[in-house]
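Below is one structure, written out as structure tokens, with a few remarks after it.
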Amino acid sequence: MMNHRCPEFKALLAEIQQGLRYAFQTENEVILLTASGTGGLEAALVNTLSPGDKVLAISIGAFGDRFAEIAAAYGADVERLAFDWGTAADPEAVQARLAQDEEREIKAVLVTHNETSTGVTNDLEAIADVVRAHGALLLVDAISGLVALPLPTDAWGLDVVVAGSQKAFMIPPGLAFVSVGPRAWEAARQARMPRFYWDFQSAHRYAERGETPFTPAVSLVYALVEALRMIREDGLETIQARHARWGRAVRAGLTAMGLQLLASGPHASNAITAAYVPEGVDGAAFRRILNEQHHIVIARGQGALRDRIFRVGHLGYVNEVELVGALLQIGQTLRDLGAPVAPEAGWAAAQAALRGSGFKIQDSGQQVRRHPATQPPSAAEENERA
Ligand SMILES: *Cc1c(COP(=O)(O)O)cnc(C)c1O
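Position one of the sequence shown corresponds to residue 1155 (my numbering), numbered consecutively onward.
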């Protein structure tokens, strides 16, 4: 490992800061923490709030609940605004609740951008509008949505946005990224929740001289540099179009084989899809067979949906051949377990959705990094390169 206080490492941190600002679409400082995503959420709370502060926690699933629980653990006065799992938060309901707060007691609103436990993406732009009109800080868990789905931090006026390394950033778990806007810095100067490891002001002081306060996960920083270069080369627009195509393909595939999705409307996530386990099928056995016999890992549900749904992740470092293959295998395994599904119909629908999108690899004229999300070069491209 490189010494984390040497000039070479400072150069990596500087490059990362630029890459993260691009990924978050922000001019704000983005703080790098060695932590899983949850550490980033805890940091967002303890740096901006004081014990007893009133907080409105919007929840549409397990991760929304977790954000609320962390706030409560640090002594915030948490009011939950919960919506049914599988649906998105209704911005009008948020507006109605905030409109009742004439005394402006609510200091912060917590919201999940993309709820991984249900496969639902909130209308964050609309929620941000109503929160800004009220004046509370908006703290966003964008851990599974950032990069994969549109989230222009500055254009939407988001005060704190948290992301993590292991989702659309395509690298192993262990780093969290937190964008901190001007209003959040101001709040940080007043905030009295206890903090040491998470302290943004100390992170900022060290960042000014090209360091982190504590030893960061150096190996993950190398990985992040490379991932951010890939993100920059592809461009957010291309990456997000790719996720939209994957989302459509997975929803089309699962539906065509005869399964029911948990969320299918305009809020269905393009990063992860949840579907009901067919009646009579043992969800745990289904996942075990896929894993042991076909080397495909899908997730179970969380909370009350634990054994009732399964979830297919399609974000970050995804290979379309694997994606379509996984759908076929999901169908075949369910059929083997006695469910009335049509795997081939699902496979064909997913293929059609992938092909029908008009997706093309753009020739940027540069040496393109051939990560699996791109297609192999054409013969003409190969010749040109040779
Ligand atoms: C993955 C995830 C988290 C964080 O989980 P960690 O295990 O702490 O990395 C938080 N929120 C959402 C929406 C997530 O998808």
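We put the CB at the ideal spot given by N, CA and C, even for glycine. No experiment lies behind these values; they were computed from the predicted model shown.
Cutting at 8 Å between CB atoms, please list the residues of its own chain near residue i, excluding the five before and the five after it.
i	result
D1277	A1242, A1243, P1245, H1421
L1482	P1497, E1498, G1500, W1501
D1207	A1230, D1231, K1261, A1262
E1162	M1156
E1140	Past the boundaries of the shown model lies residue 1140; the chain is included only from 1155 to 1540, so the question cannot be answered.
R1462	Y1430, V1431, G1437, G1455
Within a Cβ cutoff of 7 Å, which residues of the same chain sit near residue i, ignoring the five residues on either side of it in sequence?
i	result
R1258	G1289
R1524	Any reading at R1524 must be qualified, since the residue scores a pLDDT of 48, below 50, and its modelled position is unreliable; no value is offered.
I1325	S1319, L1374, A1377, L1378, A1381
T1487	F1440, I1443, L1444
May I ask you to check if the CB of residue i is nearer than 6 Å to at least one heavy atom of ligand 1?
i	result
G1573	No information on residue 1573 is available, as it lies outside the stretch 1155 to 1540 that the chain covers here.
T1241	no
T1188	no
Would you tell me roughly how many angstroms separate the C-alpha atoms of residue i and residue j, rounded to the nearest one?
i	j	result
N1268	L1199	19 Å
V1209	A1338	15 Å
D1517	A1507	Low local confidence applies: a pLDDT of 37 at D1517 is under 50, so the model's placement there is unreliable, with the coordinate-based value given in what follows. Using only the alpha carbons, I get a separation of about 23 Å.
A1357	I1185	7 Å
G1457	Q1505	32 Å
L1491	A1403	24 Å
H1158	Y1471	27 Å
A1282	N1445	40 Å
G1218	S1423	15 Å
V1435	A1480	18 Å
L1305	E1256	30 Å
D1353	R1346	11 Å
L1167	E1387	19 Å
D1313	L1292	5 Å
N1201	I1212	19 Å
A1425	A1406	14 Å
L1303	P1348	33 Å
Within 10 angstroms of the Cβ of residue i, are there 16 or more other Cβ atoms? Answer buried if so, exposed if not.
i	result
F1464	buried
E1474	buried
H1468	buried
H1449	exposed
F1237	buried
F1389	Sequence inspection shows Gly at residue 1389; the Phe mentioned does not correspond to that position. Its Cβ having fewer than 16 others within 10 Å, G1389 is exposed.
F1323	buried
P1336	exposed
F1561	Because the chain is modelled from 1155 through 1540, residue 1561 falls outside the range shown and cannot be assessed.
F1221	buried
E1196	buried
V1274	buried
G1428	Here residue 1428 turns out to be Ala, not Gly, going by the sequence shown. By the neighbour-count rule (16 or more Cβ atoms within 10 Å), A1428 is buried.
A1253	exposed
For residue i, which residues in the same chain have their Cβ closer than 6 Å to its Cβ, ignoring the five residues on either side in sequence?
i	result
G1191	I1297, G1318, A1330
T1366	Y1360
S1333	F1178, T1180, N1182, V1184, T1307, V1315
A1131	Since the first and last residues shown for the chain are 1155 and 1540, residue 1131 lies out of range.
G1311	A1282, R1286
Q1249	V1284
G1240	T1272, L1416, A1417
T1188	P1370, A1371
E1340	none
A1493	P1432, V1435
E1233	L1210
Listed in chain order, which residues are found with a beta carbon closer than 7 Å to a heavy atom of ligand 1?
Qualifying residues, in the order they occur: S1190, G1191, T1192, G1193, L1195, F1217, R1220, T1266, N1268, E1269, T1270, D1295, I1297, S1298, G1318, Q1320, K1321, P1327.
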